[in-house]
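When the letters of the sequence shown are read in order and numbered with our numbering, they come out as residues 321 to 498.
No residue lacks a Cβ here, since even glycine has one placed at the ideal position from N, Cα and C.
Being a predicted model, the structure only gives us computed values, none of them experimental.
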Amino acid sequence: MKSKGFLKSIAAVAGSALLGLTVAKVAVAANPEPVVVEVEWVAAITIAETNPLQFGLLDVAMADTETVVIATDGGVTDANNNVTGGTQAAATFNTTAAPGKAITILVDNIGNGTYYTLGSFTCDYDGDTAGACDGGGLSETSVAGSIEVRVGATLTKNSTPAVAGADNGSFDLTITYQ
């Protein structure tokens, strides 16, 4: 007889525990916590080239590894007097971005010319201080909806003998929100 009483006690304890779990589950479900959802819509960034990167007319006698640098402000560094004329200018782009947002300006997918390589790209954003924009990119904060990005670079003569005539390269400019 004692075993029947013992089994009834175990059943009563188990039933009470099950009822407690059920009540606890109902209590949690009856007390929901509101969660805020934040969404911010931004317009896509647009980029339109207004001027190509221009090194001008270079002497075909330019020695291997000599360089010409075009700064973002259009300034030219030509230690060996290889620029013989033409137009020297930084590339310029008009862009639109949401004001106050962090952006990254990146030059990549560089296509070199036949007789030179491009490197050491610098960018400035609406006249700010220029910084490196190849590799990891240049991080800035968008201060206006419409801005100008200027891109300068270093041209280095490669080992292929230069021949008179046009020689074009290219690069991609990418601007992304952070």
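What does residue i pair with, by DSSP beta-bridge criteria?
{"i": "G431", "result": "S490"}
{"i": "A411", "result": "V471"}
{"i": "C453", "result": "Bridge partners of C453: none, in fact."}
{"i": "N371", "result": "T412"}
{"i": "T424", "result": "S459 and T496"}
Quick check on residue i: buried or exposed, where buried means 16 or more other Cβ atoms within 10 Å of its Cβ?
{"i": "D454", "result": "buried"}
{"i": "Y503", "result": "Outside the shown range of the chain, which is 321 to 498, sits residue 503, and nothing can be said about it."}
{"i": "D398", "result": "buried"}
{"i": "S462", "result": "buried"}
{"i": "V388", "result": "buried"}
Quick check: the Cα distance between residue i and residue j, rounded to an integer number of angstroms?
{"i": "L493", "j": "N371", "result": "13 Å"}
{"i": "E360", "j": "T437", "result": "41 Å"}
{"i": "A383", "j": "V396", "result": "18 Å"}
{"i": "A410", "j": "E369", "result": "11 Å"}
Taking the alpha carbon of residue i as the reference point, which residue from the options has its own alpha carbon closest?
{"i": "L426", "options": "L475, A486, G456 and F413", "result": "G456"}
{"i": "D487", "options": "T415, D448 and Q374", "result": "Q374"}
Give the C-beta separation of residue i and residue j to the nearest angstrom, bearing in mind that I take them to be a contact with Cβ-Cβ under 8 Å.
{"i": "V469", "j": "F441", "result": "V469 to F441, Cβ: 11 Å. No contact."}
{"i": "D446", "j": "T392", "result": "With 8 Å as the limit, D446 and T392 do not qualify as a contact, their Cβ atoms being about 11 Å apart."}
Taking 8 Å as the line, does the beta carbon of residue i fall inside it for any heavy atom of the ligand PLP?
{"i": "G405", "result": "As for the ligand PLP, it is missing from this structure, which has no ligand bound."}
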